[in-house]
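Right, one structure below, let's go through it.
2 protein chains.
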Amino acid sequence: MLPNRARIADPFWTSYERLVRETVIPYQWETLNDRVPDAEPSYAVRNFRIAAGVEEGSFGGFVFQDSDLAKWLEAVGHSLASHPDPDLERQADELIELIVAAQQPDGYLNTYFTIKRPDMRWKSLTHCHELYCAGHMIEAAVAYYGGTGKRKLLDAMCRFADHIDSVFGAESGKLRGYDGHQEIELALVKLYRATGNERYLKLSQFFIDERGQQPYFFDREYEEGLFSPWTEDGKSGKPDNAYHQAHLPVREQTVALGHSVRAMYMYAAMADLAQLNGDRELLEACRRLWENTTTKQMYITGGIGSTHHGEAFTFDYDLPNDTVYAETCASIGLIFFANRMLQVEADSKYADVLERALYNLVLAGMAQDGRHYFYVNPLEVWPEASEKNPGKHHVKPTRPKWYGCACCPPNVARLISSLGDYVYTVNEQARTVYAHLFIGSDYETVLGGHTVKLRQHASLPWQGDVKLEVSLPEPTRFALALRIPSWCTELPRLAINGEVTDYSSGVKAGYAHIDREWSDGDRVEWLLPLSAEWIEAHPEIRANAGKAAIQYGPLVYCLEEADNGKPLASVSVRRDAPLRARFDSELLGGVVAIETKGRKRTTDGWSGQSAYRRSGSASGAASSAADIPLRAVPYFLWGNRSGGEMSVWIRVSDS
Amino acid sequence: MLPNRARIADPFWTSYERLVRETVIPYQWETLNDRVPDAEPSYAVRNFRIAAGVEEGSFGGFVFQDSDLAKWLEAVGHSLASHPDPDLERQADELIELIVAAQQPDGYLNTYFTIKRPDMRWKSLTHCHELYCAGHMIEAAVAYYGGTGKRKLLDAMCRFADHIDSVFGAESGKLRGYDGHQEIELALVKLYRATGNERYLKLSQFFIDERGQQPYFFDREYEEGLFSPWTEDGKSGKPDNAYHQAHLPVREQTVALGHSVRAMYMYAAMADLAQLNGDRELLEACRRLWENTTTKQMYITGGIGSTHHGEAFTFDYDLPNDTVYAETCASIGLIFFANRMLQVEADSKYADVLERALYNLVLAGMAQDGRHYFYVNPLEVWPEASEKNPGKHHVKPTRPKWYGCACCPPNVARLISSLGDYVYTVNEQARTVYAHLFIGSDYETVLGGHTVKLRQHASLPWQGDVKLEVSLPEPTRFALALRIPSWCTELPRLAINGEVTDYSSGVKAGYAHIDREWSDGDRVEWLLPLSAEWIEAHPEIRANAGKAAIQYGPLVYCLEEADNGKPLASVSVRRDAPLRARFDSELLGGVVAIETKGRKRTTDGWSGQSAYRRSGSASGAASSAADIPLRAVPYFLWGNRSGGEMSVWIRVSDS
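Just so you know, the sequences run in chain order A and B. Heads up: take any position in the first sequence, counting from 1, add 220, and you land on the numbering used here. Heads up: take any position in the second sequence, counting from 1, add 220, and you land on the numbering used here.
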């Protein structure tokens with residue numbers, strides 16, 4: 221059964237939901253139909269028309285182009301669930317007719333292989349994203365069914381999943397393989413939850429169990445003359461199993477390695493299976509991979525993946541701020557993983573990371589206009605270097621328009637339009653409802669046979685006041701577990717029906733458990749102390765040595781050239797520099813800015829005729845710094861004003 | 221006429237000269253003959269045997285493989301000049317027989333084109349290093365003639381140059397082109413100096429004048445279906461003229477751009493021509509390019525070229541320490557350029573850079589065993605990142621063995637074996653002999669018709685005492701101009717025949733001019749104050765913000781993990797930290813080490829379970845640093861003990 225979703229009604233997030241609904245989804249529909257001037261054509265809808273036989277032509281776009289359309293449809297499904305829109309629904313229904321028309325009699329669906337390489341079906345799992353595309357269409361089908369109750373695409377995807385199940389498996393005669401890009405695994409779990417058909421759960425388990433077993437599947441494909449859609453001659457180099465997280469059986473993996481989006485999608489599926497099957501060994505692997513990812517390989521913004529070479533993880537504590545990758549999609553995958561872990565075991569560390577990635581990295585991925593996106597999310601930008609140093613070409617100082625490879629924008633859209641899935645989880649045995657995120661919303665669940673409704677009011681990220689109203693048909697005992705965010709400098713204050721309440725004895729794994737008989741109309745106030753704080757990085761993170769960052773509640777801040785001039789590297793602060801949070805309604809649509817005092821090295825005494833000098837000389841550095849006011853803005857809004865320098869980490873002068 | 225060369229006899233440099241003579245040259249000969257086990261074959265000698273018709277087979281190695289052999293032969297020529305060695309000379313004579321046998325009847329010589337692509341002769345200047353190889357063989361011929369007086373190769377190369385002159389030129393029917401990799405230009409100047417034949421000077425001038433004129437020559441080659449030896453199908457992408465410094469006429473160029481070795485070789489030739497032709501416009505271009513290269517795009521080590529993508533310059537002040545390229549060959553090219561500028565105008569800024577690149581970068585390029593070489597010379601190394609972060613794969617933590625593309629090792633060999641060319645220059649009109657480098661040596665020149673001999677004793681880099689003895693047949697008036705190194709913290713002390721002498725009125729452009737009637741047996745003492753100094757970088761160099769480096773005389777120092785633990789990023793010093801220089805006879809064969817006190821962040825209070833924390837917390841960073849002793853070693857010797865971390869720039873805690 222699919223879990224209930226909270227309906228968002230929040231002063232901060234509602235505007236993002238609206239942006240997705242009113243701008244991103246329509247704009248994306250135009251791009252999928254090749255109707256945006258000056259943008260590369262997507263070919264996504266056209267490919268389906270050709271595969272369905274209603275248009276002539278050849279396949280266009282990437283081998284995984286179908287997934288763009290699937291992700292759009294998934295976002296539409298989520299959006300319709302909370303905001304019915306007959307016109308949008310009609311558009312989607314027509315698209316689903318087309319998709320189903322493109323499906324082959326045996327249930328197979330993939331326009332690349334149907335149009336261009338029918339001979340290669342299931343023959344290049346390493347490179348062709350064939351099951352990845354299937355997974356996205358399954359996720360779309362489940363979302364659309366959830367949003368509208370319509371089964372047409374869901375039924376079609378069950379036929380496709382049945383077909384996949386007939387092709388892949390451990391049984392003799394079946395293909396003992398898996399996809400180069402994980403995604404089908406978590407999608408099949410969703411399909412299982414939506415239909416109750418255990419066949420899909422088992423198929424997901426097969427893919428997870430098989431991965432990384434020897435002899436390696438991708439090596440076997442390679443030995444049989446692996447086809448690649450990425451080279452002119454169709455030839456493939458030897459696959460790098462670690463890039464696909466297929467170098468070891470998943471239960472033996474201990475560190476996050478390889479392509480970061482693939483890793484996250486796989487870990488999320490592993491957590492799903494650990495939960496549904498009570499698989500302790502798999503859960504242990506998930507915990508290890510979580511710890512490694514989030515405590516050794518994650519940026520303060522919630523970004524993951526340190527290198528653009530393979531969009532990949534590198535190794536522990538290697539977190540360069542300027543040559544970083546930190547793809548938006550990877551952090552969305554991290555949120556999926558966190559969400560699954562919270563369903564297995566409520567520990568605030570998962571929600572802390574989820575919130576960090578959501579408020580900082582994912583939001584940074586999208587411009588305030590909803591039409592420009594970062595794929596790469598740097599923590600330090602020098603625009604001239606992005607232009608002129610090839611090692612930084614991938615780091616853009618401003619958000620580009622929708623790309624040809626449009627993975628990130630539709631991923632942002634589907635996440636934000638399903639944000640209500642991330643606010644609460646329920647442990648029915650323990651009769652506990654966990655509030656992980658503090659986002660204004662309406663939520664309904666069933667605990668011990670009683671329908672419990674929670675209306676939440678929140679004022680994050682600018683203020684920390686949270687209120688919850690309980691609606692119940694009759695008094696009911698259950699625990700409301702409120703997350704104590706790691707960014708709270710002191711414990712939040714709790715008041716129940718206006719009375720301040722001590723909850724210290726009920727704190728478990730970062731949640732305040734309020735276990736009582738609740739009555740209709742009970743009011744809970746949860747007051748989160750919000751203040752600006754200096755943050756330091758682990759000494760092993762060499763890139764941040766001698767530097768500090770600013771956080772205010774869940775938000776990471778940054779310095780921008782627009783406020784502080786350049787070079788930002790010349791700016792430093794004393795470790796005890798006071799931070800002042802001030803709401804500025806004129807700035808970036810209204811934000812809390814953080815003000816402090818800094819010092820800036822000047823070029824006094826530098827003739828421009830040398831690059832180095834003795835610092836003991838009369839005009840040495842000690843005297844050539846000036847006091848300046850500094851203003852930091854939320855990282856998620858950087859690059860909305862100019863293409864100037866930006867830096868999250870600020871040099872600290874010890875004193 | 222070729223200028224006289226000083227004969228090196230120096231406690232520091234003689235051992236390098238010997239290393240080149242006794243180890244590098246013989247070892248390199250083995251590699252050129254494919255006789256080194258476990259090393260990639262060079263094919264260089266074999267290619268000549270095939271081209272000469274004494275062996276059957278196909279061409280091996282890179283398109284520029286001939287140049288490796290030429291550079292070896294050049295080093296041999298230089299070495300024989302100072303250290304006759306009949307066996308080596310016989311070996312070289314035999315090789316020259318072979319080279320001449322491979323020369324074509326029209327004078328042409330290039331084994332790649334003779335063996336493999338005779339149809340492509342002079343048809344892919346963009347990519348094929350055809351004139352580059354010619355230039356290196358000409359340099360070899362001049363050096364061998366200089367070292368032995370034998371003309372066989374010189375005459376052969378005159379025939380080749382005559383052939384080139386018949387092919388290239390502005391005249392109708394000739395090819396108005398130039399090479400993708402500059403080198404022929406400076407070689408032809410050397411050939412002119414050796415032979416007095418102005419045809420070679422004019423041909424060099426043609427190549428320099430033609431470069432960057434529109435329509436672009438490389439574009440014309442491209443439009444005619446440019447062949448590339450670098451792609452499987454032989455097809456070429458559109459040439460990047462800036463990469464080859466062919467984007468603008470050379471006189472209009474203002475910033476160092478593109479492949480850094482090509483740039484330096486070209487600038488050196490430009491300076492040669494500016495001097496020989498009194499070409500003011502060309503000289504102005506040289507000055508501009510010098511200023512840009514050395515004051516905006518040079519590392520403190522004398523390294524140039526910030527990116528491995530194209531082994532190229534990026535832009536002003538972009539000098540990352542860890543993703544750096546700073547190829548050994550590029551700094552050798554910078555030394556060539558500096559040497560030529562000193563011949564045009566004696567200004568100590570040229571010699572300062574020459575010395576910086578020589579003592580730090582070039583020497584760092586070679587291991588103490590003479591058999592391992594850095595091509596890339598980083599200022600900051602984290603070995604695990606070199607291995608696991610693809611953006612740093614090019615940065616090696618230890619010197620690898622001779623590469624397949626062996627450009628740097630023979631370049632080091634030919635530079636060190638001709639080091640005597642860099643010590644002095646003479647301005648005959650002004651009757652001045654300039655001492656640029658302080659290296660023990662014997663030098664002889666003619667001033668105003670009199671033979672002047674200078675014997676220099678020096679103790680650099682460890683001590684600053686320099687002595688010069690003048691030998692003269694009869695008293696002669698001339699000026700001895702002694703460089704005042706930029707690293708002197710106060711003016712050097714001068715004593716003539718034991719008497720301290722005030723020279724302050726005779727300081728011009730960084731040289732103390734001692735203009736007097738000199739007598740046989742006059743003794744000059746030039747006492748350079750040597751001390752360890754903190755150096756800071758220009759505020760626009762973002763990579764060095766808040767950091768300082770240590771210099772002791774001409775030497776740049778670095779911290780190594782072997783002495784100071786890791787991570788080195790955790791180490792900081794106060795700006796007023798005292799530096800103590802101490803000679804340690806046990807360390808790295810005997811060096812002055814610099815000792816100071818530092819602080820090191822500890823991991824106290826870090827659980828390993830988080831990457832970030834509030835720095836205001838009880839166990840904050842302020843309290844979690846420990847005082848430690850620090851020891852810095854000369855940069856040129858880094859990586860001779862271990863594959864650990866290394867850093868030139870050290871974080872400074874202001875206070």
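All residues carry an ideal CB built from backbone N, CA and C; glycine is no exception. Please read all numbers here as calculations on a predicted model, not as lab measurements.
Checking contacts by CB at 7 angstroms: is residue i closer than that to chain B?
| i | result |
| --- | --- |
| Gly-766/A | yes |
| Arg-800/A | no |
| Pro-759/A | yes |
| Lys-394/A | no |
| Arg-762/A | yes |
| Glu-504/A | no |
Is the Cβ-Cβ distance between residue i and residue j less than 7 angstroms?
| i | j | result |
| --- | --- | --- |
| Ser-526/A | Thr-534/A | yes |
| Asn-764/A | Trp-602/A | no |
| Gly-785/A | Pro-617/A | no |
| Pro-695/B | Glu-737/B | yes |
| Ser-790/B | Pro-540/A | no |
| Val-481/B | Ala-550/B | yes |
| Arg-703/B | Ala-571/B | yes |
| Ile-555/A | Leu-581/A | no |
| Val-544/A | Ala-494/A | no |
| Gly-684/A | Leu-748/A | yes |
| Phe-279/A | Tyr-332/A | yes |
| Val-793/A | Val-686/A | no |
| Ala-701/B | Tyr-663/B | no |
| Arg-634/A | Phe-594/A | no |
So, is the C-beta of residue i closer than 7 angstroms to a C-beta in chain A?
| i | result |
| --- | --- |
| Thr-823/B | yes |
| Ser-830/B | yes |
| Asn-512/B | no |
| Phe-284/B | no |
| Ile-428/B | no |
| Ser-843/B | Interpretation of Ser-843/B is limited by its pLDDT of 49, a score under 50 that renders its predicted location unreliable; the figure taken from the coordinates is listed afterwards. Closer than 7 angstroms: no. |
| Ile-555/B | no |
| Pro-459/B | no |
| Ser-835/B | yes |
| Glu-237/B | no |
| Glu-418/B | no |
I think residue i touches residue j, with their Cβ atoms under 8 angstroms apart; what is that distance to the nearest whole Å?
| i | j | result |
| --- | --- | --- |
| Tyr-352/B | His-298/B | At roughly 20 angstroms, the Cβ-Cβ gap does not stay under 8 angstroms, so Tyr-352/B and His-298/B are not in contact. |
| Tyr-723/B | Cys-778/B | Going by Cβ atoms, the distance from Tyr-723/B to Cys-778/B rounds to 35 angstroms, so no, they are not a contact pair. |
| Thr-721/A | Cys-628/A | No, Thr-721/A and Cys-628/A are not in contact; Cβ-Cβ is about 43 angstroms, not under 8 angstroms. |
| Phe-438/B | Pro-469/B | The pair is not a contact, with the Cβ atoms about 14 angstroms apart (cut-off 8 angstroms). |
Taking residue i as part of the alpha helix (DSSP H), name the residues at either end of that continuous run.
| i | result |
| --- | --- |
| Ile-770/B | Element bounds for Ile-770/B: not the alpha helix (DSSP H) but the beta strand (DSSP E), 767-772. |
| Ala-489/A | 480-497 |
| Thr-696/B | Looking at the DSSP string, Thr-696/B is not in any alpha helix (DSSP H); the run it does join, the beta strand (DSSP E), is 696-703. |
Return the first residue and the last residue of the beta strand (DSSP E) that residue i is part of.
| i | result |
| --- | --- |
| Pro-629/B | Counting along the chain, Pro-629/B falls outside any beta strand (DSSP E), though it belongs to the alpha helix (DSSP H) covering 628-636. |
| Cys-353/B | Unbroken run through Cys-353/B is the alpha helix (DSSP H), 350-368; no beta strand (DSSP E). |
| Ile-761/A | Ile-761/A -> no beta strand (DSSP E), and no H or E assigned at all. |
| Thr-816/B | 811-821 |
| Lys-673/A | 670-678 |
- Item | Unbroken stretches of the alpha helix (DSSP H), 4 residues or longer, contained in the region 378-428 of chain B | Counting only runs of 4 or more, we get 404-415.
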